[in-house]
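In what follows, a single structure is set out as structure tokens and then discussed.
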Amino acid sequence: MLYRPDRIARPVPWANPIGPADLWSDASGEQHYNLQVRMPYAHSHEKLRRADPLYDLVLITDWNWPNATPGKGSAIFIHQWRRPGYPTEGCIAFRRDHLHEIARTVQPGTRLIVPEL
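All residue numbers for the sequence shown refer to my numbering, where the first residue is 274 and numbers rise by one.
Okay, here's the thing in structure tokens:
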């Protein structure tokens, strides 16, 4: 679990803070693919410290993590949604209050089950 300490209190003792230099590598084939990295990072990446509140609280799933296979896809995060019905870029998004409730009760190793529709 990652969180923005400048915006929210640490949700659980084991949550890790997101700092200004924190990124997530989505550079398939690179050594640090699908792992948290820090600036400067020359390869394709996603900023974890965003201007909007979507990544104020992030739960990291074990999809192709921590031992990533190139081409299997990068991280599937659980994070805050923009609004109902608005798509993500492959992640799972919840309303802010629901996400915070999940964060208070989840533990490392908790299983995420996404049923087929």
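Idealized CB from N, CA, C, for every residue including glycine.
CA-to-CA distance, S298 to V387, given in whole angstroms: Position 114 of the sequence shown holds residue 387. Position 25 of the sequence shown holds residue 298. For V387 and S298, the distance between alpha carbons rounds to 24 Å.
Distance CB(I291)-CB(L327) smaller than 7 Å: Your numbering for residue 291 matches position 18 in the sequence shown. Your numbering for residue 327 matches position 54 in the sequence shown. No.
Of the listed residues D279, Y276, V285 and R280, nearest to V405 (C-alpha basis): Residue 405 lies beyond the stretch modelled for the chain, which goes from 274 to 390, so this question has no answer here.
Contact under 7 Å by Cβ, G346 with N337: What you label residue 346 is simply residue 73 of the sequence shown in a count that begins at 1. What you label residue 337 is simply residue 64 of the sequence shown in a count that begins at 1. At the C-beta level, G346 and N337 come within 7 Å of one another.
Reduced DSSP secondary structure (H/G/I, E/B, other) of D370: On the sequence shown, residue 370 is found 97 positions in, with the first residue counted as 1. DSSP places D370 in helix when its eight states are reduced to three.
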